[in-house]
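The opening position of the sequence shown corresponds to residue 6 in my numbering, with each subsequent residue numbered one higher.
Heads up, the beta-carbon is just placed ideally off N, CA and C, and yes, glycines get one too.
Note sheet for the following structure.
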Amino acid sequence: MNFCTIRDLRTNSKKIWGKDDVIITNNGKPKAVLIKTDEENFINTLALIASARAEQAVKNIRNESKAKGYFTEAEIQNEIKAVRKKK
6 MNFCTIRDLR
16 TNSKKIWGKD
26 DVIITNNGKP
36 KAVLIKTDEE
46 NFINTLALIA
56 SARAEQAVKN
66 IRNESKAKGY
76 FTEAEIQNEI
86 KAVRKKK
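Structure representation (structure tokens):
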């Protein structure tokens, strides 16, 4: 991956457009990612990004639940199995 500052993006953007993926930084911290795509793959690329964001959100929720002492994944699955057996 290539790294680029926000300042470089503003002042010298021509250098960046030819690269595949670029991480944009501000004060040394990552702020954005530019991902190379084309017309044929544009929709698929957006779908993959949305899927990755959703997956990360689920992981964050699970980690937060674990930290707060809520049910574990195994406990949830056991409860589901128990309810299904009753039916």
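Comparing C-alpha distances from Gly-23 to each of Glu-84, Thr-42 and Asn-32 shows the shortest one belongs to Thr-42. Between Ile-29 and Leu-14, the beta carbon gap of about 6 Å places them in contact (Cβ cut-off 8 Å).
Under the three-state reduction of DSSP, Asp-13 is assigned to helix. Note that the C-beta distance between Ile-66 and Thr-50 is not below 8 Å. No Cβ-Cβ contact shorter than 8 Å links Ile-48 with Asn-31.
Taking the Cα positions, Cys-9 is about 42 Å away from Phe-76. As the crow flies, the alpha-carbon of Met-6 is around 20 Å from that of Asn-46.
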